[in-house]
Amino acid sequence: MVLLTEEEKRAAREAAGSAVRGFPRSRGSLVPILQKIQEKLGYVPLEAMEEVAGQLGIPPVDVYGVVTFYNQFRLTPPGRRQIKVCLGTACHMKGGTVILDCWKRRLGIEVGGVTPDREFSLERVACVGCCSMAPVTVINDEVHGRVTPTRVDGLLFSFGVKVKKGRQEEGEVN
Amino acid sequence: MQKITLFIDDREVKAPAGRPILWLALENGIYIPNLCAVPGAEDPPAACRLCWVEVEGYPRPVTACTEPARDGLVVRTRSPRVDRLVRAAFELLLSAHRLECSRCPKNRACTLQEIARARRLPLRLVRYRKLARDLPVDNSSPAVRYDPGKCVLCGRCVRACRREGTGILGFARRGYERRVTTFGEVPLARAGCSGCGACALACPVGALTLKTKSV
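For the protein sequence lines, the chains are F and V, in the order given. The first sequence lines up with residues 1 to 174 when you count with our numbering. The second sequence lines up with residues 1001 to 1215 when you count with our numbering.
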C-alpha cells in the first residue's frame, strides 16, 4: 500500500464528505458515491472509505468489500504515466501476459500498484480495440503496438528510467 | 401461525407455513448438507450451494434454505440430480480448502467431514484441481487464529462478528480472490478485534479457531 501524505488524507476525507452530499444515506448510494470520489481523486483511498462508511452508517469493511469487488475502482493513486497492458483475446494470444510480466518486473509493482515515486502505475485492460497491433500497451492514452520485452525497456529508457544492466539480460526473447 | 403439512423423504412433517425446508428437515432428523445457514437468521445467504433438494412439481432442484414450506409439498433430499449438484459443490469447496485434517484443530468437529460422512463423498479432489492460494495465517489476535487457506466463504463469521463482536469482518475482492478479511486487509489485532471468539465458534471448518480450548 502506498503511503499518503497528510494533505492527501485530508483531501480524501474532504472529497468523501462532499461526495455523500445529495445522496440518500443508504447502502444503495454507495457505488455512485465511490464513483464520485474516484472522479475527483483518481482513486478511492482508505480514508475516504472510512468517511463514507461513517456517513452511511455501515461497517467500513463493507465499503472496502465493494471497492475491491469492482474493477472500476482503484485503491492506489494513479501514476503520472498510467501503463495499461491489454489482455484481450488477441493480445493474450500474442503474449500479452509476457509483456505484463515485463512491466511488473521492471517497475517492481503488481497490477493495480504504483511505484513509490508515483511515476508509473500498472493496470490490465480487456481489449482497447486495435487487435491487429497485438500485444498492445497503452500509456496515458498513447497506444503502443507489437510490444516486445525489449520495447518495454526502450519505452522505459525514453522516459529516463535506467534499467540495470544485469536485470536487462534476464528473460529477454529478442 | 398457520400449521401446514408437508412430506420430506416420505415423512409427514407439520410446521408453520413459510419456514425454510432446511430447518424442518434437520429438526425432524433428516440430514441435508449445509454450511452457510444459521437458524434464526432472517436471510439465508444461500452461498454454499450444498442444501439441494427436489420438490415434486419443480423443474429442477432448489436450495432448501431458501425454499419456504407450503402445504402439501413433497420434498426429496436425495436424487441423482441432487447428488450430482452436492458432489460438485462439495468438491469445489475442497479445491480451495487446504486439506490437512489430521493436523487441523477442527478435526472431527468439521462440517466438511460431517458432510463427507453423511453423503459418502471423498475428502480429496477427484475431478478438480487444487486452487493454490498460499494465503498467510493471521496469528495476530490473542484469542483466535485465522487461516484463510481453509475458509469456505460461508460468511458465518462475518455475521457472528456483527452480532456479537465489533463487526470488523467482511468479504473483499471477487472470484478466486474472494476472502474474508478486515478493512484494508490488516491483521485482526490491528483491525480492532475484541477477541470475543464469536467468529471461531461460528466457523464450520478450521479457518477461524480459538487459541485456548477453554473459552
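Don't be surprised by glycine CBs; every beta carbon is placed ideally from N, CA and C. None of the values given here were measured: they were computed from a predicted structure.
query, result
"Looking at chain V, which residues of the segment 56-72 of chain F have a Cβ within less than 7 angstroms of any of its Cβ atoms?", "PRO59, PRO60, VAL61, ASP62, TYR64, GLY65, THR68, PHE69"
"Nearest CA to the CA of ALA1143 (chain V): which residue from V:LEU1099, V:ARG1129, V:GLU1177, V:ALA1189?", "V:ALA1189"
"Quick one, which of F:CYS131, F:MET49, F:GLU110 has its alpha-carbon nearest PRO60 (chain F)'s?", "F:MET49"
"Can you tell me whether PRO1204 (chain V) is helix, strand or coil according to DSSP?", "coil"
"For PHE1216 (chain V), go through chain F and note every residue whose CB falls closer than 7 angstroms to its CB, in chain order.", "Residue 1216 (chain V) lies beyond the stretch modelled for chain V, which goes from 1001 to 1215, so this question has no answer here."
"Any C-beta of chain V sitting closer than 8 angstroms to the C-beta of LEU46 (chain F)?", "yes"
"So with CB distances below 7 angstroms, who are the chain F contacts of GLY1167 (chain V)?", "PRO59"
"Are GLU1091 (chain V) and VAL1053 (chain V) touching if we call contact CB-CB under 8 angstroms?", "no"
"If we count Cβ pairs, one from each stretch, closer than 8 angstroms, do we get three or more for the segment 1170-1181 of chain V versus the segment 1010-1030 of chain V?", "no"
"Three-state secondary structure (DSSP) at ILE83 (chain F)?", "strand"
"With DSSP as the reference, label HIS1097 (chain V) as helix, strand or coil.", "coil"
"Near TYR43 (chain F), which residues of its chain fall below 7 angstroms by C-beta distance, leaving aside the five closest residues on each side in sequence?", "ARG74, LEU75, THR76, PRO77, PRO78"
"Taking all protein chains shown into account, do 16 or more other C-beta atoms lie within 10 angstroms of the C-beta of ARG1124 (chain V), making it buried, or fewer, making it exposed?", "exposed"
"Looking at CYS1157 (chain V) and CYS1048 (chain V), is the spacing between their C-beta atoms short of 8 angstroms?", "no"
"Would the segment 1101-1112 of chain V count as touching the segment 1063-1072 of chain V if we require 3 or more Cβ pairs under 8 angstroms?", "no"
"Return the Cβ separation of LEU30 (chain F) and LEU56 (chain F) in integer angstroms, given the expectation that the two are a contact with Cβ distance under 8 angstroms.", "7 angstroms"
"By alpha-carbon positions, which one of V:GLU1164, V:ASN1034, V:ILE1168 ends up nearest to ILE1115 (chain V)?", "V:ASN1034"
"Quick test of your reading: VAL114 (chain F) and VAL20 (chain F), contact by CB under 8 angstroms. State the CB separation rounded to the nearest angstrom.", "Incorrect: roughly 26 angstroms between the Cβ atoms, too far for contact."
"Which residues of chain F have a Cβ atom closer than 9 angstroms to the Cβ of ARG1174 (chain V), listed in chain order?", "THR68, PHE69, TYR70, ASN71"
"Nearest-angstrom Cα distance between GLN35 (chain F) and LEU4 (chain F)?", "20 angstroms"
"Tell me the start and end of each unbroken alpha helix (DSSP H) in the segment 1036-1071 of chain V that is at least 4 residues and wholly inside, in chain order.", "none"
"Whole angstroms is fine: what's the gap from GLY17 (chain F)'s alpha carbon to ALA11 (chain F)'s?", "10 angstroms"
"Are LYS94 (chain F) and PRO135 (chain F) closer than 8 angstroms when you measure CB to CB?", "yes"
"What are the uninterrupted segments assigned as alpha helix (DSSP H) that are 4 or more residues long and contained completely in the segment 84-123 of chain F, given in chain order?", "89-93, 96-107"
"Give me, in chain order, the residues of the same chain whose beta-carbon lies closer than 8 angstroms to that of GLN1002 (chain V); leave out the 5 immediate sequence neighbours on both sides.", "PRO1016, ALA1017"
"Could you tell me the boundaries of the beta strand (DSSP E) in which VAL152 (chain F) lies?", "Here VAL152 (chain F) belongs to no beta strand (DSSP E); instead the alpha helix (DSSP H) covers 149-158."
"By a C-beta neighbour count over all protein chains shown, 10 Å radius and 16 as the cutoff for buried, is LYS1014 (chain V) buried or exposed?", "exposed"
"For PHE1171 (chain V), which residues does DSSP report across the bridge?", "V:VAL1180"
"Among V:ILE1168, V:ALA1200, V:GLY1195, V:VAL1186, which residue has its Cα nearest to the Cα of ILE58 (chain F)?", "V:ILE1168"
"Taking all protein chains shown into account, decide if GLN38 (chain F) is buried (16 or more other Cβ within 10 angstroms of its Cβ) or exposed.", "buried"
"Quick one: using the 10 Å Cβ neighbour count with 16 as the cut-off for buried, is LYS1150 (chain V) buried or exposed?", "buried"
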